[in-house]
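A short write-up of the structure that comes next.
In my numbering, the protein residues as written are 1 to 214.
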């Protein structure tokens with residue numbers, strides 16, 4: 001009789017393919033494998049979270065009610081849609097498309113087709129050190145969700161340019177990879193939009209890497 005061997009999968013974030021963050025606490029297994037080939041430290045995070053409440057002054061019965069992560073996700077998408085002036089998608093859409101006919105004559109940031117959604121990343125690249133860090137996620141008590149927006153087109157024909165991905169730094173509660181369990185805060189870049197740059201400008205400008213390679 002052969003026993004079935006369970007193999008944990010990589011933290012892939014539902015195939016989002018983001019550059020500086022990966023894994024999604026809402027879709028990936030809590031024991032998925034991170035960039036250090038080790039399982040996400042779910043147990044260590046749970047212990048730290050439990051000790052935090054045990055050492056706090058607030059009684060267990062007076063702790064704030066946990067908000068449904070899906071409600072938070074929908075609120076993030078809704079407010080992001082309003083901020084972008086995009087009213088073309090329904091409130092129940094899984095993700096949005098930040099491009100429509102009314103935007104074709106807008107600013108350079110509206111000349112490129114984009115897609116936006118939310119994610120609760122499990123790992124990221126530190127903007128200060130350039131090294132991978134574990135982003136603290138504990139379902140459903142502590143979920144650090146963010147909105148990302150990625151390029152879906154490579155060229156913008158209106159001004160004969162190239163669509164360039166932009167990023168914005170988010171401040172996360174993180175812990176270093178490895179045996180260290182000391183938590184802290186660090187900035188991690190997340191996709192934030194798509195800008196159209198004229199091809200002659202894009203070809204002459206040499207962009208330095210945002211964070212060191214690892």
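Ideal Cβ positions, reconstructed from N, Cα and C, are used throughout, including at glycine.
Remember, predicted model here, so these are calculated numbers, not experimental data.
Remark: C-beta atoms of residue 76 and residue 131 do not approach each other more closely than 8 Å. By the criterion of a C-beta distance shorter than 8 Å, residue 160 is surrounded in its chain by 198 and 199, once the five residues flanking it on both sides are discounted.
Residue pairing from DSSP places residue 148 in a beta bridge opposite 117.
In its chain, beyond the 5 residues on either side, 113, 114 and 115 have a beta carbon closer than 7 Å to the beta carbon of residue 152. Note on residue 129: under 16 other CB atoms within 10 angstroms of its CB, so exposed under the neighbour-count rule. Distances from the alpha-carbon of residue 37 to those of 47, 177 and 191 put 177 closest.
According to DSSP, residue 134 shares a beta bridge with 123 and 175. Under the DSSP assignment, residue 154 falls outside any beta strand (DSSP E); it carries neither an H nor an E label.
Comparing alpha carbon positions, the residue from 168, 173, 19 and 149 closest to residue 138 is 173. Within 10 angstroms of the beta-carbon of residue 120 lie 16 or more other beta-carbons, which makes it buried. The C-beta of residue 82 has fewer than 16 other C-beta atoms within 10 Å across all chains shown, which makes the residue exposed.
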